[in-house]
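Quick note on the working numbering: the sequence shown kicks off at 59 and runs consecutively. Ideal Cβ positions, reconstructed from N, Cα and C, are used throughout, including at glycine. Notes follow the structure.
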Amino acid sequence: MTSLGINNGHALPSKGGALPLPAPAPAPHLVNATYLSADEISAWQPYPPPDAGDGLTPKQRTVKRIKAAGQWAPWQMIGRRMAIGCVALEITQRCNLDCSYCYLSESSEALKDIPLEEVTRRIDMIFAHYGPNTDVQVTGGDPTLRKRDELIAIVRYVKSKGMRASLFTNGIKATRELLSELCEAGLEDVAFHVDKTQERTGYASEADLNAVREEYIERARGLPLAVIFNTTVCPDNFHEIPALAKFFVRHHDVVRFASFQVGADMGRGVEGHDDARGRMTVNPQTVMAAIREGAQANLHFDAASAGHAQCNGYAFGLVINNKVHDFFNDPVFVQAILASSANITIDRAKKAGVWCTAAGYLVRHPSTLLGVITRFAKLAWRERRDLIAARGRVGKISFFVHNFMDSAQLEKERCDACSFMVMTPDGPISMCVHNAKRDNYLLVPAKVTRHNKILYFNPVTGLFDDRIPQKIEVALSRKNARGRAKGKLDGGSDVIAVSRADDAATAAAATAATTTTAATTTTAAESRRVQAAE
Ligand code: SF4
59 MTSLGINNGH ALPSKGGALP LPAPAPAPHL VNATYLSADE ISAWQPYPPP
109 DAGDGLTPKQ RTVKRIKAAG QWAPWQMIGR RMAIGCVALE ITQRCNLDCS
159 YCYLSESSEA LKDIPLEEVT RRIDMIFAHY GPNTDVQVTG GDPTLRKRDE
209 LIAIVRYVKS KGMRASLFTN GIKATRELLS ELCEAGLEDV AFHVDKTQER
259 TGYASEADLN AVREEYIERA RGLPLAVIFN TTVCPDNFHE IPALAKFFVR
309 HHDVVRFASF QVGADMGRGV EGHDDARGRM TVNPQTVMAA IREGAQANLH
359 FDAASAGHAQ CNGYAFGLVI NNKVHDFFND PVFVQAILAS SANITIDRAK
409 KAGVWCTAAG YLVRHPSTLL GVITRFAKLA WRERRDLIAA RGRVGKISFF
459 VHNFMDSAQL EKERCDACSF MVMTPDGPIS MCVHNAKRDN YLLVPAKVTR
509 HNKILYFNPV TGLFDDRIPQ KIEVALSRKN ARGRAKGKLD GGSDVIAVSR
559 ADDAATAAAA TAATTTTAAT TTTAAESRRV QAAE
């Protein structure tokens, strides 16, 4: 590891006694962290298949991992409420936007969509690692660019495994009709990414983009979906975050979750890598403060969190007459609920079921019930005027701040305690590590069985062959270059060749795969190319 000095101020887990809060994460410009070296990133591998013989449940395996990473604490949600925060399932690498902070690889636009068999294999792997009720982010690129019937089949398959499918999209192609069909297939959440970093033509500010957000809100209104908005925060839009938080509060009847990501230097993005200016202005603490300002509530972001204390913050508010009231204002009480409700499974798709489950839990925990009643009664008395104005309606909204790491500045402890995985062909891996070496998982063949034959899909040509392609290389031209690659072409090159980073582990895996192929191909009369072998 490249050591840059002092302790980075990680929160320490409690050892009994009073329930402590995680130490507030220091602003990145104040942190002297220890970063993974290029060799360590290269050697970092996805988690192998869980050992079915270890007798552990997915949650118990997570507890083991989080304890080993020193992050087991009363505020910890993974290992308690869920086995993992969420798992990204990238069903396409193509996108119809070119965001300035994009995490995708430079080679993404040149790649064909992986076959449906490979997608379902990865869904099976998600289930094997994390079990039912896992949040599966159906994402990309933009997942709506995938063939419509395939997208629907993917959502349906996630649902059939007892997991929760969320669609992560920029919304351009997410029509009301498509969302309705996806709901029927079992979609539970839709997350719209809208912000200035996407450089949508004709929108000079976040305030201008509210027209897009309002249109998306209307598309989703009334559907059985939790609506989420994702916003990348950067120095250029930071000053608009309070107004944006206010916008989400105003639309809390549809918007359930507003997620803000601190812009980081990763992928093909052209921003994020510069400067002290960016990190001084935009860091988790300043973003949380901006949200509090906009929501006009002293929201606690540290009562409950998933993974490493420096990776994210989560706040939950009740909304009465468009005013937000911090629901996590007593972190000790929140953490007691977290501990006592660890084994309760809530099926958000069935509203009545949620209420029944909550009621059953409260009946079994009378002291919590008393605490809840007391707190609600106090709130109701204090806010009686607003309650009357709102005709007794109480809404809710969650705010989330996620703090991705720059690809060149990965902290081992945070990667070890990661709550946000990406499912690669070889297993789940921390999203931050994945973003640092995406091509290792993209420029590889996918093995599928069709017509009783083992075939290998080449993601660059989109063709199937019964031999493993020896070299998978992308040639980027002005047509398919995005992000940084576009800049390189503008700098004079005609074509840029991108191939997989040459790391020892990948080379070893390729050797093993080639050995398997040799055995496979001896049974074939001749090697032949199979065009999209449906
Ligand atoms: S993806 Fe990165 S920032 Fe997010 S939880 Fe994992 S290690 Fe932390």
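### Query
How far does the beta strand (DSSP E) with Pro486 in it reach, from first residue to last?
As a working mapping, residue 486 is identified with position 428 in the sequence shown. That run of the beta strand (DSSP E) goes 485–488.
### Query
What are the complete beta strand (DSSP E) segments, minimum 3 residues, inside the segment 497–545?
504–508, 511–515, 531–534
### Message
Less than 8 Å between C-beta atoms, sequence neighbours within five positions excluded: which residues of the same chain meet that for Ile275?
### Response
If you number the sequence shown from 1, residue 275 lands on position 217. Result list for Ile275: Val285, His309, Val312, Val313, in chain order.
### Query
Relative to the alpha-carbon of Arg443, which residue among Phe462, Lys381, Asp182 has its alpha-carbon at the smallest distance?
As a first step, residue 443 is located in the sequence shown; it is residue number 385 there, counting from the start. Answer by Cα proximity: Lys381.
### Helix, strand or coil at Ser363 according to DSSP, with G and I counted as helix
Mapped onto the sequence shown, residue 363 falls at position 305. Note: Ser363 maps to strand in three-state DSSP.
### Task
Take the Cβ of Thr482 as the centre, count every other Cβ of all protein chains shown within 10 Å, and call the residue buried at 16 or more, exposed below.
Taking the sequence shown and counting its residues from 1, one reaches residue 482 at position 424. Flag for Thr482 reads buried.
### Task
Please name the residue in Ser363, Thr403, Asn370 whose C-alpha comes closest to that of Val392.
As a working note, residue 392 is residue 334 in the sequence shown. Closest by alpha carbon: Ser363.
### Query
Which term fits Val491, buried or exposed, when burial requires 16 or more other beta carbons within 10 angstroms of its beta carbon?
For the purposes of this step, residue 491 is taken as the residue at position 433 of the sequence shown. Buried, by the Cβ-count rule.
### Query
If we count Cβ pairs, one from each stretch, closer than 8 Å, do we get three or more for the segment 239–246 versus the segment 260–272?
no
#### Entry: Residues near Leu155 in its chain [Cβ-Cβ closer than 6 Å; skip 5 each side]
Along the sequence shown, one-based indexing puts residue 155 at 97. Answer for Leu155: Asn228, Gln256, listed in chain order.
### Integer-rounded CB distance, given that Val291 should sit under 8 Å from Gln319
Translated into positions along the sequence shown, residue 319 becomes position 261. Translated into positions along the sequence shown, residue 291 becomes position 233. Confirmed, about 7 Å.
#### Entry: Spatial distance of Asp360 from Tyr514 (CA atoms)
For the purposes of this step, residue 360 is taken as the residue at position 302 of the sequence shown. For the purposes of this step, residue 514 is taken as the residue at position 456 of the sequence shown. Spanning the two alpha carbons is a distance of roughly 47 Å.
### Task
Ignore the nearest five residues each way along the sequence and tell me which others in Pro300's own chain have a CB closer than 8 Å to its CB.
Taking the first residue of the sequence shown as position 1, residue 300 is located at position 242. Contacts found: Ala348, Ile349, Glu351, Gly352.
### Message
Suppose contacts are defined by Cβ-Cβ distances below 8 Å. Is Gly365 in contact with Pro104 by that definition?
### Response
For the purposes of this step, residue 365 is taken as the residue at position 307 of the sequence shown. For the purposes of this step, residue 104 is taken as the residue at position 46 of the sequence shown. No. Outside cutoff.
### Message
Is Phe458 near the ligand SF4 - that is, is its Cβ less than 7 Å away from at least one heavy atom of it?
### Response
Your numbering for residue 458 matches position 400 in the sequence shown. The answer is no for Phe458.
### Task
Could you please give the first and the last residue of the uninterrupted beta strand (DSSP E) stretch that includes Gly375?
Here residue 375 corresponds to residue number 317 of the sequence shown, with the count starting at 1. Its beta strand (DSSP E) spans residues 370–378.
### Message
Within a Cβ cutoff of 6 Å, which residues of the same chain sit near Asp253, ignoring the five residues on either side of it in sequence?
### Response
In the sequence shown, counting from the first residue as 1, residue 253 sits at position 195. Hits under 6 Å: Thr289, Thr290.
### Task
Would you check if the segment 423–430 and the segment 134–145 touch, i.e. whether three or more CB-CB distances between them fall below 8 Å?
no
### Query
In three-state terms, what does DSSP make of Arg152?
Indexing the sequence shown from 1 puts residue 152 at position 94. Reduced to three states, the DSSP call for Arg152 is coil.
#### Entry: Inter-residue spacing [alpha-carbon to alpha-carbon] between Glu441 and Phe306
Residue mapping note: residue 441 aligns to position 383 of the sequence shown, counting from 1. Residue mapping note: residue 306 aligns to position 248 of the sequence shown, counting from 1. Rounded to whole angstroms, Glu441 to Phe306 spans 21 Å at the Cα level.
### Message
According to DSSP, is Lys454 part of a helix, a strand, or is it coil?
### Response
Sequence index remark: in the sequence shown, residue 454 carries index 396 (1-based). Residue state, collapsed to three classes: strand.
### Message
Could you check if His366 belongs to the surroundings of the ligand SF4, using beta carbon to heavy atom distance under 7 Å?
### Response
As a working mapping, residue 366 is identified with position 308 in the sequence shown. At least one heavy atom of the ligand SF4 is nearer than 7 Å to the Cβ of His366, so yes.
#### Entry: Close beta carbons around Met378, own chain, < 7 Å, minus the five adjacent residues each side
Numbered from 1 along the sequence shown, position 320 holds the residue referred to as residue 378. Per the sequence shown, the amino acid found at residue 378 is Ile instead of Met. Excluding sequence neighbours, Ile378 sits near Glu441, Asp444, Leu445, Ala448, Val452.
### Query
Counting along the chain, where does the alpha helix (DSSP H) carrying Ser398 start and finish?
In the sequence shown, the residue the question calls residue 398 occupies position 340. First-last of the alpha helix (DSSP H) with Ser398: 389–398.
### Query
CB of Phe359 to nearest heavy atom of the ligand SF4: below 7 Å?
If you number the sequence shown from 1, residue 359 lands on position 301. No, the ligand SF4 has no heavy atom inside 7 Å of this Cβ.
### Query
What span of residues does the alpha helix (DSSP H) with Asn470 cover, start to end?
Against the sequence shown, residue 470 aligns to sequence position 412. Looking at the sequence shown, residue 470 is not Asn but Lys. Here the alpha helix (DSSP H) through Lys470 covers 470–474.
### Query
At a cut-off of 7 Å, is Asn288 close to the ligand SF4 when judged by its beta-carbon and the heavy atoms of the ligand?
Taking the sequence shown and counting its residues from 1, the one referred to as residue 288 is at position 230. Every heavy atom of the ligand SF4 is 7 Å or more from the Cβ of Asn288, so no.
#### Entry: Spatial neighbours of Ser551 in its chain, beta-carbon cut-off 8 Å, leaving aside the 5 residues before and after
The residue labelled residue 551 in the question sits at position 493 within the sequence shown. Once the five neighbours on either side are set aside, Ser551 has no close Cβ partner at all.
### Query
Going by Cα to Cα distance, which pick from Pro503, Ser163, Val328, Arg271 is closest to Leu534?
Residue 534 sits at position 476 when you count from the first residue of the sequence shown. Selected option, being the one with the closest Cα: Ser163.
### Task
State the DSSP-derived secondary structure class of Asp464, mapped to helix, strand or coil.
The sequence position of residue 464 within the sequence shown is 406, counting from 1. If DSSP states are grouped into helix, strand and coil, Asp464 belongs with coil.
### Query
Is the beta carbon of Pro201 sitting closer than 8 Å to the one on Ile124?
The residue given as residue 201 occupies position 143 in the sequence shown. The residue given as residue 124 occupies position 66 in the sequence shown. No, the pair does not count as a contact, with Cβ atoms beyond the cut-off.
### Task
For Ala278, name the three-state secondary structure that DSSP assigns.
Residue mapping note: residue 278 aligns to position 220 of the sequence shown, counting from 1. If DSSP states are grouped into helix, strand and coil, Ala278 belongs with the helices.
### Query
Looking only at its own chain, which residues have a Cβ that is under 7 Å from the Cβ of Ala355, when we skip the five neighbours before and after it?
If you number the sequence shown from 1, residue 355 lands on position 297. Cβ within range, chain order: Gly375, Val382, His383, Asp384.
### Query
In whole angstroms, what is the alpha-carbon distance linking Leu169 and Val430?
The sequence position of residue 169 within the sequence shown is 111, counting from 1. The sequence position of residue 430 within the sequence shown is 372, counting from 1. Going from the Cα of Leu169 to the Cα of Val430 covers about 52 Å.
### Query
Measuring from the CB of Phe462, is there a heavy atom of the ligand SF4 at a distance below 7 Å?
Residue mapping note: residue 462 aligns to position 404 of the sequence shown, counting from 1. Yes, since a heavy atom of the ligand SF4 falls inside the 7 Å radius drawn around the Cβ of Phe462.
### Backbone secondary structure at Asn288 - three-state DSSP
By 1-based counting over the sequence shown, the position of residue 288 is 230. Correct three-state label for Asn288: strand.
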